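Below: the structure, in structure tokens.
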Amino acid sequence: MSLDPIQFAACREGDEAAWRRVVQSRVHAVFRWSVMLGLRAPEAEDAAQEVLWRAWKQFHKCRAPQAFDAWLYQITRRVVANMRRLVWLKRVLPTESPPEPAFADGPTPAIELSVRACLGRLSRKQAEVLMLSDVEGYTRDEVAAMLGIPPGTVASRLRLARKAFRAAWEQSQVDPPRLPTEGGTDDKRRAGPRRGTAPRLSWEQS
Amino acid sequence: MSQQPPNERLDADEALAALRDARPSDAVSRRITERALERRAPKRWIVPLAGLAAVAAALVIWAAQPAPSGDRVQVGPHTVVRAPGSEVEVVRRSHEQTLVRLGRGAADFDIEPLGAGQSFRVRTPEIEVEVVGTAFRVETADGCSTVRVTEGRVRVTAGRASSLLGAGESTHHCASAVEAPAPGEALVREAQRLMLDPQRTAEAAVLFERYLSAHPRGVFREEAMFHLPFAERLAGREAAAQTAAVRFLETYPDSRRAGRMRDAFADAP
Numbered sequence: 001m002s003l004d005p006i007q008f009a010a011c012r013e014g015d016e017a018a019w020r021r022v023v024q025s026r027v028h029a030v031f032r033w034s035v036m037l038g039l040r041a042p043e044a045e046d047a048a049q050e051v052l053w054r055a056w057k058q059f060h061k062c063r064a065p066q067a068f069d070a071w072l073y074q075i076t077r078r079v080v081a082n083m084r085r086l087v088w089l090k091r092v093l094p095t096e097s098p099p100e101p102a103f104a105d106g107p108t109p110a111i112e113l114s115v116r117a118c119l120g121r122l123s124r125k126q127a128e129v130l131m132l133s134d135v136e137g138y139t140r141d142e143v144a145a146m147l148g149i150p151p152g153t154v155a156s157r158l159r160l161a162r163k164a165f166r167a168a169w170e171q172s173q174v175d176p177p178r179l180p181t182e183g184g185t186d187d188k189r190r191a192g193p194r195r196g197t198a199p200r201l202s203w204e205q206s
Numbered sequence: 207m208s209q210q211p212p213n214e215r216l217d218a219d220e221a222l223a224a225l226r227d228a229r230p231s232d233a234v235s236r237r238i239t240e241r242a243l244e245r246r247a248p249k250r251w252i253v254p255l256a257g258l259a260a261v262a263a264a265l266v267i268w269a270a271q272p273a274p275s276g277d278r279v280q281v282g283p284h285t286v287v288r289a290p291g292s293e294v295e296v297v298r299r300s301h302e303q304t305l306v307r308l309g310r311g312a313a314d315f316d317i318e319p320l321g322a323g324q325s326f327r328v329r330t331p332e333i334e335v336e337v338v339g340t341a342f343r344v345e346t347a348d349g350c351s352t353v354r355v356t357e358g359r360v361r362v363t364a365g366r367a368s369s370l371l372g373a374g375e376s377t378h379h380c381a382s383a384v385e386a387p388a389p390g391e392a393l394v395r396e397a398q399r400l401m402l403d404p405q406r407t408a409e410a411a412v413l414f415e416r417y418l419s420a421h422p423r424g425v426f427r428e429e430a431m432f433h434l435p436f437a438e439r440l441a442g443r444e445a446a447a448q449t450a451a452v453r454f455l456e457t458y459p460d461s462r463r464a465g466r467m468r469d470a471f472a473d474a475p
């Protein structure tokens, strides 16, 4: 997937309407990447908006329309890594609830949570290459460009990742992940009093 | 918390593929989009009132303009409005050269004045249009391309033939055409086409005038001079219409159309 060249040129020149269309076309992918890289839905929502904001701010750094998705993914990786560092304390609090489904349109919540849990058992490198290849459908060369590694490394890493994921998946069928009892999606949870009452993260205050 | 087994039995590969195209709710997508876009908006409280007034005035002026029917995009300082379903691609973009390919459909180009050594070109399968700071429209369909210039000048090249088009002029070129149209023919044809639209008769009059000044000895001179008074009248400019009618009758007193002109303009000699 690459960006339409005329949209790319327009964004390079600061055309906000063109950028809005780009955001609308990529928002689902960035959110999905963030979730698959280990964030929960509210964190992924924050991450996605941070990624897209940074992308606009740094658009001049994107080399070519063909490189846009790889470049956007690199930003997502950095933002997600930063967020994971910031949310680790929250994760270990005893009040932390189990993960909830992040997607309103996709597989059943049980399958989604199982996949996410299984990806979480893989190393970060393996999870990334598996997600980009087998979920997002990028080719080996595209994944290599997105991760900045040789295609041969992608192939070997993918082979190991698939093997590890299958093992984790078989295990998850025996011991499935917990689902929240009230079944509310993260979207419903966020629609409550969180907005405006939760402390703002440091990067939201700029 | 309850323990729920997955409600479908999938293998690992199917489970991964099931997440392809998974998406958050529309509300979440909207929030992400709006927040990502809002964060780069200027701080409203530092915008002076005068600025707001200017923006409001600009909006009023903008609202009065006919909205473009296609996508408006910026290519450098230039604006391209792509008609729905058209295929437009920026092939080359540098400080000196911009090359846009129009593969299908139509696009309007509003080009800022170019500096020395700079060029903006539009290529269709049939022709190439080179710009020198102008506004124009290019259409391509069924092996034919049409260029209409609104402002400035463009150079149109079809094969080895090259011609300059000025404001109000247009040209039509088909890859299989044996003969090129007579100079200015497209201009007159376009003006006649505009005459059929009651809202655009003023434009038709401008095109007829443009033809007459660009081709004072052109083969369509009588045609243009005959239609011009009617175009002016339909545009509500009766005085100009009378003047044009007089000019036609003085130039072509023996034309078979002279009687019709006298009937239509009783004040003319």
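In order, the protein sequences belong to chains F and C. For the first sequence, position 201 (counting from the first letter as 1) is numbered 201 according to my numbering, and the numbering increases by one without interruption. For the second sequence, position 93 (counting from the first letter as 1) is numbered 299 according to my numbering, and the numbering increases by one without interruption. Where a beta carbon is used, it is the ideal one built from N, C-alpha and C, also for glycine. Every value quoted in this text rests on a predicted model; they were computed, and no experiment measured them.
Under the three-state reduction of DSSP, F/Asp-46 is assigned to helix. Look at the segment 99-111 of chain F: the residues with a C-beta under 9 Å from a C-beta of chain C are Ala-102, Phe-103, Ala-104, Asp-105, Gly-106, Pro-107, Thr-108, Pro-109, Ala-110, Ile-111.
Under the Cβ distance rule, F/Phe-165 counts among the residues neighbouring chain C, one pair being separated by less than 8 Å.
Across the structure, F/Arg-26 and C/Ser-235 are spaced so that their CA atoms are roughly 10 Å apart. Its Cα nearest to that of F/Leu-37, the residue F/Asn-82 stands out among F/Asn-82, F/Ala-145, F/Leu-160, F/Ala-110. Using a Cβ distance threshold of 8 Å, C/Ala-430 and C/Leu-418 count as a contacting pair.
Residues of chain C with a Cβ closer than 9 Å to the Cβ of F/Glu-128 do not exist; the shortest Cβ-Cβ separation is about 13 Å. In the DSSP secondary-structure assignment, F/Gln-171 is not bridged to any residue. Residue-level contact by beta carbon fails for F/His-60 and chain C, as no gap is shorter than 8 Å.
Each residue's CA atom was taken as its position, placing C/His-433 and C/Gln-405 some 16 Å apart. Distance check between F/His-60 and each of F/Phe-8, F/Ala-48, F/Ala-104, F/Lys-125 places F/Phe-8 closest, using alpha-carbon atoms only. Inside the segment 408-449 of chain C, DSSP marks no whole beta strand (DSSP E) run of 3 or more residues. Cβ-Cβ distances below 6 Å link C/Leu-400 to Arg-406, Glu-409, Ala-410 in the same chain, with the five nearest sequence neighbours on each side left out; the list follows chain order. The count of Cβ pairs closer than 8 Å, one atom from the segment 59-77 of chain F and one from the segment 132-151 of chain F, reaches three, so the stretches are in contact. Secondary structure note for C/Thr-352: its beta strand (DSSP E) is the uninterrupted segment 350-357.
According to the DSSP assignment, C/Leu-243 belongs to the alpha helix (DSSP H) that extends over 232-244. If you compare the alpha carbons of C/Val-335, C/Ala-341, C/Pro-331, C/Glu-336 with that of C/Ala-347, the shortest gap goes to C/Pro-331. The beta-carbon separation of C/Ala-289 and C/Ala-312, rounded to 4 Å, stays under the 8 Å limit for a contact. Contacts with chain F at 8 Å (Cβ-Cβ) include C/Ile-238.
Of all residues in the segment 31-43 of chain F, only Phe-31, Arg-32, Val-35, Met-36, Ala-41 place a beta-carbon less than 9 Å from a beta-carbon of chain C. F/Ala-9 reaches chain C at Val-279, Gln-280, Val-281, Gly-282, Val-296, Arg-299, counting residues in chain order whose Cβ is nearer than 8 Å. The three-state reading of DSSP puts F/Ser-34 in helix, counting H, G and I together. Measuring C-alpha to C-alpha distances from C/Leu-440 to each of C/Gln-398, C/Pro-283, C/Val-425 identifies C/Gln-398 as the nearest. Within the same chain, Cβ atoms closer than 6 Å to the Cβ of C/Arg-463 are found at Phe-432, the five residues on either side in sequence being excluded. Taking 8 Å as the cut-off, the Cβ atoms of C/Phe-315 and C/Val-286 count as close.
Between C/Ile-317 and F/Ala-48, the C-beta gap is not smaller than 8 Å, which leaves the two residues out of contact.
Residue environment: C/Thr-377 is assigned as buried (16 or more neighbouring CB atoms within 10 Å of its CB, all protein chains considered). In the DSSP assignment, F/Ser-114 falls within the alpha helix (DSSP H) that extends over 109-121.
For F/Leu-52, the nearest beta carbon of chain C is closer than 8 Å to its own beta carbon. With a threshold of 16 other beta carbon atoms within 10 Å, C/Ser-292 meets it and is buried.
With fewer than 16 other CB atoms across the displayed protein chains lying within 10 angstroms of its CB, C/Pro-283 is exposed.
Where C/Arg-307 is concerned, the enclosing beta strand (DSSP E) starts and stops at 303-316. Taking all protein chains in view, the Cβ of F/Asp-4 is crowded by 16 or more other Cβ atoms within 10 Å, so the residue is classified as buried. Following the DSSP letters along the chain, one finds C/Glu-220 inside the alpha helix (DSSP H) bounded by residues 218-224.
Shown here, C/Phe-342 sits in a strand according to DSSP, grouped into three states.
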